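Participant: Sharing a structure here in C-alpha cells format.
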Amino acid sequence: MAELNENTFWISGIINGEYRECDGPYTTTKDMSDKGYPYVTKTPNPNFTHQKYDYTAHEWVDTSSEALLHTVEDVTELKSNSQSNTQSNDELDKKLDKLTTLVTMSNVQTGKLMQEVQNLKKQAQPATQSTEPTQATATANEGGNK
Numbered sequence: 001m002a003e004l005n006e007n008t009f010w011i012s013g014i015i016n017g018e019y020r021e022c023d024g025p026y027t028t029t030k031d032m033s034d035k036g037y038p039y040v041t042k043t044p045n046p047n048f049t050h051q052k053y054d055y056t057a058h059e060w061v062d063t064s065s066e067a068l069l070h071t072v073e074d075v076t077e078l079k080s081n082s083q084s085n086t087q088s089n090d091e092l093d094k095k096l097d098k099l100t101t102l103v104t105m106s107n108v109q110t111g112k113l114m115q116e117v118q119n120l121k122k123q124a125q126p127a128t129q130s131t132e133p134t135q136a137t138a139t140a141n142e143g144g145n146k
C-alpha cells in the first residue's frame, strides 16, 4: 500500500469571503505547491507575532503594531531626508546659477579682450608693412652706390 504524504500549508488572504492573515497550519494529502493564492506552503516566520504573506516578494511580512510603528518611523525619516535633500539641491542650484553667471561674464570679457587684441594686430600690421619696403629700398640703394 502506498504511503500518503501530508503537506502543510497556511492561508493568507481572502477565502470564502473572509480575510485571514496567517491561518494555519493545515495538513492535507493533496499537493499544495501549485495552488497559489491564498494558500502558502512556506513556513511563517517564528519571530513575527502577526504576519501576512507577500505574494510578490514571496515572504512573510510582520504586521504587528510594533512593526507598523517602525514602518511609520522609517517613512517619516525618509520624508525628512527627502526634504533636507530638496533644500540642499535648491542651495546647489543657486550656487550653480551664480557660477554660470560668472562664467558667462568671464566669457564676455574674454571676447572683448580678444577683439581688442585683433584690432591692435590690424593696426600694427600696416605700420610694419610700410617700414619693411623702406628698409629693403634703403639696403638696395646703399648697395647700388658702392
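Per full-length UniProt numbering, the very first residue in the sequence shown carries number 1; after that it's consecutive. Where a beta carbon is used, it is the ideal one built from N, C-alpha and C, also for glycine. None of the values given here were measured: they were computed from a predicted structure.
Which value, in whole angstroms, describes the spacing of the CA atoms of M105 and L96?
Facilitator: Here residue 105 is taken as the residue at index 105 of the sequence shown, counted from 1. Here residue 96 is taken as the residue at index 96 of the sequence shown, counted from 1. Between M105 and L96, the C-alpha separation is close to 14 Å.
Participant: Given a cut-off of 9 Å, decide if G13 and P46 are closer than it, judged by their beta-carbon atoms.
Facilitator: For the purposes of this step, residue 46 is taken as the residue at position 46 of the sequence shown. For the purposes of this step, residue 13 is taken as the residue at position 13 of the sequence shown. Not closer than 9 Å, so no.
Participant: When you compare the segment 40 to 54 with the segment 15 to 29, are there three or more beta-carbon pairs, one atom per stretch, that lie closer than 8 Å?
Facilitator: Taking 8 Å as the limit for Cβ pairs, the verdict is that the segment 15 to 29 does touch the segment 40 to 54.
Participant: To the nearest angstrom, how far is it from the Cα of F48 to the Cα of S84?
Facilitator: Counting from one through the sequence shown, the residue named residue 48 turns up at place 48. Counting from one through the sequence shown, the residue named residue 84 turns up at place 84. Cα-Cα distance, rounded: 34 Å.
Participant: Would you list, in sequence order, the uninterrupted beta strand (DSSP E) runs of no fewer than 3 residues that lie entirely inside the segment 11 to 61?
Facilitator: For the segment 11 to 61, whole beta strand (DSSP E) runs of length 3 or above, ordered along the chain, are 18 to 28 and 51 to 54.
Participant: Taking DSSP as the reference, what is the three-state secondary structure of N7?
Facilitator: In the sequence shown, the residue the question calls residue 7 occupies position 7. Looking at N7 - three-state DSSP - the assignment turns out to be strand.
Participant: State yes or no: is the C-beta of Y26 within less than 9 Å of the C-beta of I15?
Facilitator: As a first step, residue 26 must be located in the sequence shown, where it is residue number 26. As a first step, residue 15 must be located in the sequence shown, where it is residue number 15. Contact: no.
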